[in-house]
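Below you'll find the structure, written out as structure tokens, and then a few comments.
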Amino acid sequence: MGTTRTTEKRTDDETVPAQAAAAEEDKADGAATGGAEPEAAEEAAAAGQDEDNEDGAGDDGEGTAAAPPATGVAAGAGAVVAAGLGLASVTGTWLGTLMAERQTLLGQIKLQTGKATDQIATMYGTPWHTTALVNGVFAVLAAIVAAVVLTRPRAPWVRAVAWAGLALAVLGILISAGMYLDLFGSLPSIPKGAGPGA
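1211 is the number of the first residue of the sequence shown in this note's numbering; add one for each residue after it.
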């Protein structure tokens, strides 16, 4: 009986340390595996971030190269020129005044030489129509420049100035047409039967 108990004790003593050793090995394996998995996950996440950054940089670069902002100095200058031409077509220009005075002088020469029979048309109508034509040319130029500026995407202020120039150009065309066609007032006429001594 004493021998049997001793053998059982020895077997139990040998089994307990073996189980403890196996449990420690499992823990060590789990710790090693768990430590490796987070490292692998971190490496994968870092690689994904690098790819995203490279893709984003490539997209930005391609977008910048493919569609550069069309807000250069030329566009702004064109918008300002269109607005200036439109304003000139509405208010009149020095060139229009000069051409009208030239037509007045030519009318006087024609009257003195007897080549003109209608004094009112020669001294008043022709200079008036000349001014209308010059203003109309400025209005058409303003409309063309403004339309060219507005054909492409521009900065907001450039588009605003160009639209203002286009509006003034349209108004200038209407005013010039009215002046040339005598819509705002017909030419003065001498009443019939009125003579120099009347």
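The C-beta atom is built at its ideal place from N, Cα and C for all residues, glycine as well.
Residue ranges of uninterrupted beta strand (DSSP E) with 3 or more members are absent from the segment 1334 to 1375; none lies entirely inside it. A Cβ-Cβ separation of about 12 angstroms leaves Ile1330 out of contact with Pro1401 under the 8 angstroms criterion. Here Ile1319 is exposed. Its C-beta has fewer than 16 other C-beta atoms within 10 Å. Contact between Ala1349 and Gly1296 holds: CB atoms are separated by about 7 angstroms, below the 8 angstroms threshold. Taking a cut-off of 8 angstroms on C-beta distances, the segment 1367 to 1383 touches the segment 1282 to 1300, as three or more cross pairs fall below it. The criterion of a C-beta distance shorter than 7 angstroms is not satisfied by Thr1307 and Gly1317. For Ser1396, no alpha helix (DSSP H) encloses it, and the DSSP letter there is neither H nor E. For the 7 angstroms CB-CB criterion, Ala1284 and Ala1374 do not form a contact. Annotation: Ile1354 to Ile1383 spans about 12 angstroms, alpha carbon to alpha carbon. Taking 7 angstroms as the cut-off, the Cβ atoms of Ser1386 and Gly1335 do not count as close. In the structure shown, the three-state DSSP call for Ile1400 is coil. The three-state reading of DSSP puts Leu1297 in helix, counting H, G and I together. In the structure shown, Leu1391 adopts coil according to DSSP, grouped into three states.
Shown here for Met1309: same chain residues with a beta carbon closer than 6 angstroms to its own, the five before and five after excluded, namely Thr1340, Val1344 in chain order. Between Val1371 and Ala1289, the CB-CB gap stays under 7 angstroms. The three-state reading of DSSP puts Lys1320 in helix, counting H, G and I together.
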